[in-house]
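Step one of this worksheet: look at the structure below.
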Amino acid sequence: MSVFVDIAPDESLIDSPAAVPSGKWRGRVTRAALPLLSLVVFFGVWQLVAVSGIWNQTFVPYPSTVWRASLDVSTTHDGVRGYAGYLLWEHLYMTLRRVFAGVLIGVVLGVLLGLVMGSVSWVRSVLEPWLTFLRALPPLAYFFLLVIWLGIDEAPKITLLALAALPPAAVATTAAVVAAPVGLQEAARALGASKRQVIRDVVVPSALPETFTGIRLAVGMAYSSVVAAELFNGLPGIGGLVKDASNYNNTPVVLVGIFAIGISGLVIDGLLRAVERRAVPWRGKI
Amino acid sequence: MKLKALIATLAATLALAGCSVDHSGDQADKPTIRIGYQSFPSGDLIVKNNKWLEEALPNYNIKWTKFDSGADVNTAFIAKELDFGALGSSPVARGLSAPLNIPYKVAFVLDVAGDNEALVARNGSGVNTIADLKGKRIGTPFASTAHYSLLAALAQNGLSAKDVQLVDLQPQAILAAWDRGDIDAAYSWLPSLDQLRKTGKDLITSRQLAKDGKPTLDLGAVRDEFADAHPDVVDIWRQQEARALNLIHDDPAAAAKAIAAEIGLSPDEVAGQLKQGVYLTPEQVASPEWLGAEGKPGNIAVNLQSASQFLADQKQIPSAAPLQTFQDAIYTKGLPGAITQ
Numbered sequence: 306m307s308v309f310v311d312i313a314p315d316e317s318l319i320d321s322p323a324a325v326p327s328g329k330w331r332g333r334v335t336r337a338a339l340p341l342l343s344l345v346v347f348f349g350v351w352q353l354v355a356v357s358g359i360w361n362q363t364f365v366p367y368p369s370t371v372w373r374a375s376l377d378v379s380t381t382h383d384g385v386r387g388y389a390g391y392l393l394w395e396h397l398y399m400t401l402r403r404v405f406a407g408v409l410i411g412v413v414l415g416v417l418l419g420l421v422m423g424s425v426s427w428v429r430s431v432l433e434p435w436l437t438f439l440r441a442l443p444p445l446a447y448f449f450l451l452v453i454w455l456g457i458d459e460a461p462k463i464t465l466l467a468l469a470a471l472p473p474a475a476v477a478t479t480a481a482v483v484a485a486p487v488g489l490q491e492a493a494r495a496l497g498a499s500k501r502q503v504i505r506d507v508v509v510p511s512a513l514p515e516t517f518t519g520i521r522l523a524v525g526m527a528y529s530s531v532v533a534a535e536l537f538n539g540l541p542g543i544g545g546l547v548k549d550a551s552n553y554n555n556t557p558v559v560l561v562g563i564f565a566i567g568i569s570g571l572v573i574d575g576l577l578r579a580v581e582r583r584a585v586p587w588r589g590k591i
Numbered sequence: 432m433k434l435k436a437l438i439a440t441l442a443a444t445l446a447l448a449g450c451s452v453d454h455s456g457d458q459a460d461k462p463t464i465r466i467g468y469q470s471f472p473s474g475d476l477i478v479k480n481n482k483w484l485e486e487a488l489p490n491y492n493i494k495w496t497k498f499d500s501g502a503d504v505n506t507a508f509i510a511k512e513l514d515f516g517a518l519g520s521s522p523v524a525r526g527l528s529a530p531l532n533i534p535y536k537v538a539f540v541l542d543v544a545g546d547n548e549a550l551v552a553r554n555g556s557g558v559n560t561i562a563d564l565k566g567k568r569i570g571t572p573f574a575s576t577a578h579y580s581l582l583a584a585l586a587q588n589g590l591s592a593k594d595v596q597l598v599d600l601q602p603q604a605i606l607a608a609w610d611r612g613d614i615d616a617a618y619s620w621l622p623s624l625d626q627l628r629k630t631g632k633d634l635i636t637s638r639q640l641a642k643d644g645k646p647t648l649d650l651g652a653v654r655d656e657f658a659d660a661h662p663d664v665v666d667i668w669r670q671q672e673a674r675a676l677n678l679i680h681d682d683p684a685a686a687a688k689a690i691a692a693e694i695g696l697s698p699d700e701v702a703g704q705l706k707q708g709v710y711l712t713p714e715q716v717a718s719p720e721w722l723g724a725e726g727k728p729g730n731i732a733v734n735l736q737s738a739s740q741f742l743a744d745q746k747q748i749p750s751a752a753p754l755q756t757f758q759d760a761i762y763t764k765g766l767p768g769a770i771t772q
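Line by line, the protein sequences are chains A and B.
The opening position of the first sequence corresponds to residue 306 in the numbering used here, with each subsequent residue numbered one higher.
The opening position of the second sequence corresponds to residue 432 in the numbering used here, with each subsequent residue numbered one higher.
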């Protein structure tokens with residue numbers, strides 16, 4: 306997840322002021338090298354802390370132990386398949402499938418809700434407290450109710466992820482629709498556009514960049530609820546793996562799970578940003 | 432103005448931090464003994480509720496901390512944050528095996544799982560024997576003693592975990608899934624077990640498994656360093672635990688009342704649970720079948736070793752620790768006299 310959620314740095318914008326070729330190169334090298342350097346420093350510090358023995362192996366295992374655990378979880382060895390009978394990618398695949406379904410439902414509903422809430426003020430007054438209420442709830446608090454109502458299979462997990470994804474998408478869309486430039490709307494009306502046309506051609510396009518930010522936040526929220534969603538009957542699933550391994554004080558596998566969640570989160574966010582750049586190239590230019 | 436507001440906020444925060452709710456009544460001039468307990472019905476809760484340790488050790492502060500699982504107790508022991516802890520035989524076996532190698536010793540048997548943990552089949556699932564479970568969905572909390580017992584019961588009948596669909600569920604979720612018909616059987620414990628029994632029947636209980644040589648236990652562990660430095664305190668702790676076991680046998684009503692006050696159930700419910708569990712007498716605890724006597728560690732080491740083998744089969748530890756490790760980890764100092772007087 307990037308720290309900058311509302312300003313997607315546009316490559317051309319960053320590069321163009323320093324149009325001198327050497328500056329451009331230096332910029333690229335710095336941008337590629339800094340994250341790498343931070344990784345190297347991170348692993349170095351980790352190794353040092355583990356070697357120093359200040360903390361027990363259970364708290365800070367060696368990077369090599371975690372690496373070996375990740376190999377064990379990813380392969381079939383001694384006749385045992387991965388962790389709890391599933392390979393790492395299978396755990397990850399199950400989780401991603403749940404997240405995808407949950408986010409799809411949550412975001413579609415959230416964006417529709419946001420559009421309505423942004424355009425019709427009395428709907429906004431009615432729904433806003435509910436949305437805020439839902440947003441303030443930690444998923445763990447209501448997950449048990451979902452189990453009672455929906456059982457132990459995929460339904461409660463996907464519902465939980467959808468409920469986590471809905472509020473950010475709805476709130477961002479609402480805000481974006483409300484903030485659609487009045488000048489443009491009035492101009493369109495003056496040129497003879499109907500209300501529906503104004504919404505389709507002016508409000509929605511100007512709201513899209515903000516909505517995309519909301520979607521990225523929604524994916525982040527859903528992703529951070531993964532362990533909660535897989536608390537019951539979570540295997541196969543990366544959240545279930547983390548929970549199960551921690552029940553056995555199996556720190557290396559817990560770390561493997563955490564890395565898998567974190568790295569796939571980075572990749573997904575990167576993909577979403579790429580889509581965003583393609584889909585709403587007019588961001589920041591109205 | 433801004434500075435003033437900042438100072439006011441800081442002051443308020445500090446005041447709030449100072450107002451945390453704490454009834455322990457610790458005194459700074461006395462050393463503190465840190466005890467981790469769990470909410471399963473056992474003598475531990477009687478000792479806590481009646482403040483027997485506080486009375487017997489007036490020169491110490493006693494700090495009781497509640498834990499929800501043996502894994503958490505293990506973590507606290509590793510962090511050297513606990514002197515005594517209550518945990519199941521499975522977490523103890525894990526703690527004593529590599530790579531954790533927690534320096535603690537088993538100093539007491541709090542209880543043995545009896546009819547309070549059982550494998551129940553739901554009416555209408557068509558399951559009448561354990562062998563019928565093939566291909567069925569069974570719920571149990573993973574990493575618990577019930578999980579261990581379930582696999583032991585399946586193994587007795589020639590089944591392995593691969594022949595059934597195991598579902599990781601906590602007891603309350605088992606109840607929900609059971610009512611919805613999502614699972615066919617469950618290995619769970621009281622109090623929710625009684626509700627399962629209303630619409631199902633026992634296939635096997637942990638009491639039977641204990642007879643067959645696969646008992647699951649709740650144990651009291653003491654940190655090595657602490658036991659070496661304060662053997663007198665360990666003696667007093669064991670005496671109070673023994674006193675609690677005697678109370679369970681001699682005056683179950685009083686025992687149930689004390690435990691009920693700790694876990695928020697009614698004394699009647701707790702009395703029912705106490706009847707279904709197995710509570711040894713202090714003489715039994717110090718017998719060769721369990722802890723054994725000084726220099727002659729009892730059979731409990733064998734149980735722990737088999738639990739360790741189970742974890743190794745589950746790939747949760749690289750390999751099972753040898754029997755010697757577990758024999759060395761039984762605190763038998765002064766047994767049987769130390770607890771039976």
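All C-beta atoms in this analysis are idealised placements derived from N, C-alpha and C, irrespective of residue type, glycine included.
**Message:** Since D655/B and P753/B should fall inside the 8 Å C-beta cutoff, what is the C-beta to C-beta distance between them, to a whole number of angstroms?
**Reply:** Under the criterion of beta carbons closer than 8 Å, D655/B and P753/B do not qualify as touching, at roughly 18 Å.
**Request:** Could you tell me if K511/B is buried or exposed, where buried requires 16 or more neighbouring beta carbons within 10 angstroms of its beta carbon?
**Result:** With fewer than 16 Cβ atoms within 10 Å of its Cβ, K511/B is classed as exposed.
**Message:** My assumption, with CB atoms under 8 Å, is that I493/B sits in contact with V664/B. Please give the rounded CB distance.
**Reply:** So it is not a contact: roughly 10 Å between Cβ atoms.
**Message:** For L513/A and L376/A, I'd like the C-alpha separation in whole angstroms.
**Reply:** Spanning the two alpha carbons is a distance of roughly 42 Å.
**Item:** Same chain, Cβ closer than 6 Å to I605/B, five either side skipped, listed in chain order
**Value:** G570, A617 and S619
**Through-space distance from K590/A to S321/A, alpha-carbon basis** = Because the pLDDT of S321/A is 47, which lies under 50, any placement of that residue in the model is unreliable, and the number read from its coordinates should be weighed accordingly. Approximately 16 Å between the Cα atoms of the pair.
**Request:** Kindly give me the distance between the Cβ atoms of M526/A and A470/A, rounded to whole angstroms, as I take these residues to be in contact under 8 Å.
**Result:** 6 Å
**Prompt:** Applying the criterion that 16 or more other CB atoms from any shown protein chain within 10 Å of the CB defines a buried residue, is G419/A buried or exposed?
**Reply:** buried
**Asked** For the putative contact between V709/B and R638/B, defined by C-beta atoms under 8 Å, what is the C-beta separation to the nearest angstrom?
**Response** 7 Å
**Prompt:** Around the C-beta of R333/A, are 16 or more other C-beta atoms found within 10 angstroms, so that it is buried, or is it exposed?
**Reply:** exposed
**Asked** Can you tell which of R611/B, L742/B and W668/B has the C-alpha that lies nearest to the C-alpha of S580/B?
**Response** L742/B
**Asked** Taking C-alpha atoms, which residue in A523/A, R578/A, G544/A and A534/A lies nearest to V408/A?
**Response** A523/A
**Message:** Quick check on L624/B: buried or exposed, where buried means 16 or more other Cβ atoms within 10 Å of its Cβ?
**Reply:** buried
**Asked** Once you ignore the five residues that flank L476/B on each side, which residues in its own chain have a CB closer than 6 Å to its CB?
**Response** Within the same chain, L476/B has close Cβ partners I690 and E693.
**Prompt:** Does the region 539 to 548 of chain B come close enough to the region 645 to 662 of chain B that 3 or more CB-CB pairs lie under 8 Å?
**Reply:** yes
**Asked** With C-beta atoms as the reference, is L640/B less than 8 Å away from I561/B?
**Response** no
**Request:** For H396/A, name the three-state secondary structure that DSSP assigns.
**Result:** helix
**Asked** Would a C-beta distance cut-off of 8 Å place A574/B and D549/A closer than the cut-off?
**Response** yes
**Request:** Counting only the same chain and skipping the five closest in sequence on each side, list residues whose C-beta sits under 7 Å from that of A583/B.
**Result:** L640 and K645
**Request:** Taking 8 Å as the cut-off, decide whether the C-beta atoms of R669/B and A769/B are in contact.
**Result:** yes
**Request:** Using the Cα positions of R553/B and G467/B, report the straight-line distance between them to the nearest angstrom.
**Result:** 36 Å
**Message:** Could you compute how far the alpha carbon of P557/A sits from the alpha carbon of S500/B?
**Reply:** 19 Å
**Prompt:** In three-state terms, what does DSSP make of R578/A?
**Reply:** helix
**Prompt:** According to the Cβ coordinates, are G415/A and A338/A closer than 8 Å?
**Reply:** no
**Request:** Look at the alpha carbon of A313/A and the alpha carbon of R525/B, and state the distance between them as a whole number of angstroms.
**Result:** Because the pLDDT of A313/A is 46, which lies under 50, any placement of that residue in the model is unreliable, and the number read from its coordinates should be weighed accordingly. A313/A and R525/B: Cα-Cα distance of roughly 48 Å.
**Request:** Out of P749/B, D759/B and G695/B, point me to the one whose CA is closest to R373/A's CA.
**Result:** P749/B
**Prompt:** Over what stretch of residues does the alpha helix (DSSP H) that includes N552/A continue unbroken?
**Reply:** I543 to N552
**Prompt:** Residues of chain A with CB under 7 Å from F573/B, in chain order?
**Reply:** Result: D549 and N552.
**Request:** Please list the segments of the beta strand (DSSP E) lying wholly inside the region 586 to 638 of chain B, counting only runs of 3 or more residues, in order along the chain.
**Result:** 596 to 599, 616 to 620 and 631 to 636
**Request:** Give me the Cα-Cα distance between A485/A and E491/A, rounded to the nearest whole angstrom.
**Result:** 11 Å
**Near-chain A residues of the region 747 to 772 of chain B (beta-carbon distance less than 9 Å), N- to C-terminal order** = Hits within the stretch, in order: Q747 and I748.
**Message:** Quick check on this structure: which residue in S528/B, A702/B and H578/B has the alpha carbon closest to the alpha carbon of P472/B?
**Reply:** A702/B
**Message:** Could you tell me the alpha carbon to alpha carbon distance between Q755/B and L527/B, rounded to whole angstroms?
**Reply:** 11 Å
**Nearest-angstrom beta carbon gap, L564/B and L590/B [assumed within contact, 8 Å]** = That belief holds up - the Cβ atoms of L590/B and L564/B are roughly 7 Å apart, short of 8 Å.
**Prompt:** Are any of the Cβ atoms in chain A nearer than 8 Å to that of T506/B?
**Reply:** Closer than 8 Å to some Cβ of chain A, the Cβ of T506/B qualifies, so yes.
**Asked** Is DSSP giving Y535/B helix, strand or coil here?
**Response** strand
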